[in-house]
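In my numbering, the protein residues as written are 202 to 513.
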Amino acid sequence: MDQNSVEKVIIIGSGPAGLTAAIYAARANLKPLMIEGEEAGGQLMITTDVENFPGFDKGVTGPDLISVMRKQAERFETRFITRNVTKVDFSQRPFKVWVGQTLHQAESVIISTGASAKWIGLESEKQYRNRGVSACATCDGAFFKNVEVAIVGGGDTAMEEANFLTRFASKVHLIHRRDVFRASKIMQDRTFKNPKIQIHTNKEVTEVLGNGKQVTALRLSDTANKASSEMPVGGLFVAIGHRPNTDLFKDVLDMDENGYLKTKPGSSYTNVAGVFAAGDVQDHVYRQAITAAGTGCMAAIDCERWLEAQGN
Ligand code: NAP
């Protein structure tokens, strides 16, 4: 690719937000260049079944959903680079985006680098991921009908997801490493009142136990006296926070205190004119494939109108 050529738009990140932005931008004749990353597809690539994405009445797997979105973007001539962006310079236009030594330039940029769920960091947790271990109750909760499950975390996400899981699970064990919770008072009250939730404080999960195919129990350690115990459960939800993938944009774009990109309310505009953000990289509230896709559409429309206003 010619390092002196200037793209109309570069899209960084290839989950549902980026791919939807690509479909819209391509259909608007912006010939988007998508730098999709080495682990293309984002969080959906580690999601087994997606039953809540409208249009798929029989459900769809996360990777299949990404695959059809990507094909749709390709059909309208989106070009893809399957590598990671290593550096950006948004201080002047055209914007500069490096992939290793290769420089790409663009009149506008859409950022859709997503967020990554934090994991406890156990080998056994990795082994049983998608076989009972999940980081998304909204995505996977319904697969645990009448099963006893556990959720780890003491924040709003853990409490919200624990309550959500009681719709399906026969019992939900909420495991927290301390005896005070970060969650808001209202979420704590709701959780403590829920008869299907049992709270276990000062406990850490030290191992996920299973039969090779699925989770059967957890090994816990008491943080005070280090006593070890076993908890029989069929599923483990990890809700210890997400990390937005924004390291590239530190000191470049405005972020909130947790590192999420700030967008102007009701739009995808960042604080740099011509740079737009969509999906989980700017949303810690909804974090759904469909909301990511919706904001990807917003970013492409904002971008197209902004380029038009610049005379491009
Ligand atoms: P969070 O508030 O950062 O809480 C993460 C929890 O996970 C903490 O209790 C933390 O324990 C625990 N944790 C972290 N690392 C751990 C590890 N390695 N092992 C075991 N436990 C670990 O994250 P969040 O709950 O995802 O919330 C993120 C933000 O979104 C917050 O600002 C939250 O208020 C907001 N949110 C709001 C709503 C709502 O308003 N409805 C819903 C969801 C999220 P410690 O407390 O010991 O550090």
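All C-beta atoms, glycine included, are put in the ideal place defined by N, C-alpha and C.
Classification of residue i by the beta-carbon crowding that lies within 10 angstroms, buried from 16 upward
i           : result
residue 487 : exposed
residue 256 : exposed
residue 387 : exposed
residue 148 : This structure gives no information on residue 148, because the portion of the chain shown stretches from 202 to 513.
residue 510 : exposed
residue 406 : buried
residue 440 : buried
residue 364 : buried
residue 465 : exposed
residue 209 : buried
residue 494 : buried
residue 392 : buried
residue 313 : buried
residue 381 : exposed
residue 269 : exposed
residue 325 : buried
residue 484 : buried
residue 512 : exposed
residue 248 : buried
residue 279 : buried
residue 506 : exposed
residue 467 : exposed
residue 307 : buried
residue 445 : buried
residue 428 : exposed
residue 474 : exposed
residue 358 : buried
residue 233 : buried
Bridge-paired residues (DSSP) for residue i
i           : result
residue 277 : According to DSSP, residue 277 bridges with nothing at all.
residue 438 : 335 and 352
residue 488 : For residue 488, which the question treats as bridged, DSSP gives no partner whatsoever.
residue 305 : 298
residue 449 : Looking at the DSSP assignment, residue 449 forms no beta bridge with any residue, so it has no partner.
residue 372 : 349
residue 470 : 477
residue 211 : 234 and 310
residue 405 : 422
residue 522 : No answer is possible for residue 522: it lies beyond the span of the chain, which begins at 202 and ends at 513.
Residue from the options with nearest C-alpha to residue i
i           : options               : result
residue 394 : 373, 347 and 380      : 373
residue 319 : 312, 336, 305 and 310 : 336
residue 413 : 459, 334, 457 and 406 : 334
residue 343 : 441, 358, 436 and 422 : 436
residue 498 : 278, 469, 275 and 385 : 469
residue 492 : 254, 416, 358 and 361 : 254
residue 237 : 277, 311, 276 and 252 : 311
residue 273 : 289, 262 and 223      : 223
residue 461 : 471, 447, 467 and 472 : 447
residue 438 : 341, 239 and 396      : 341
residue 504 : 207, 205, 206 and 212 : 212
residue 347 : 502, 513, 369 and 270 : 369
residue 323 : 338, 303, 410 and 359 : 410
residue 379 : 467, 508, 356 and 512 : 356
residue 262 : 349, 490, 376 and 286 : 490
residue 418 : 235, 328 and 351      : 351
residue 362 : 398, 331, 459 and 328 : 398
residue 496 : 288, 258, 230 and 315 : 315
residue 295 : 415, 309, 359 and 431 : 309
residue 277 : 360, 231, 471 and 389 : 231
residue 501 : 207, 206, 235 and 205 : 235
residue 434 : 371, 471 and 427      : 371
residue 207 : 298, 251, 228 and 482 : 298
residue 304 : 328, 293 and 289      : 289
residue 302 : 291, 259, 384 and 287 : 287
residue 264 : 251, 321 and 275      : 251
residue 449 : 482, 227, 332 and 443 : 482
residue 300 : 292, 281, 375 and 472 : 281
residue 377 : 360, 383 and 354      : 354
residue 430 : 385, 228, 408 and 338 : 408
Heavy atom of the ligand MG within 7 angstroms of residue i beta-carbon
i           : result
residue 462 : The ligand MG is not among the ligands present in this structure, which contains only the ligand NAP.
Beta carbon proximity, residue i to chain B, threshold 8 angstroms
i           : result
residue 309 : Within the model displayed, chain B is absent; a lone protein chain is all it includes.
(request) For the ligand NAP, list every residue whose C-beta falls under 7 angstroms from any of its heavy atoms, going in chain order. (result) 319, 321, 322, 353, 354, 355, 356, 357, 358, 359, 361, 377, 378, 379, 382, 383, 384, 385, 388, 405, 440, 441, 442, 443, 459, 485 and 486
(request) Check whether the region 243–254 touches the region 209–227, taking contact to mean three or more Cβ pairs, one atom from each stretch, closer than 8 angstroms. (result) The answer is yes - the region 209–227 touches the region 243–254, with three or more Cβ pairs under 8 angstroms.
(message) So, does the region 445–456 touch the region 474–490, judging by three or more C-beta pairs under 8 angstroms?
(response) yes
(request) Indicate whether the contact test is met: 3 or more Cβ pairs, each with one atom in the region 398–405 and one in the region 416–425, closer than 8 angstroms. (result) yes
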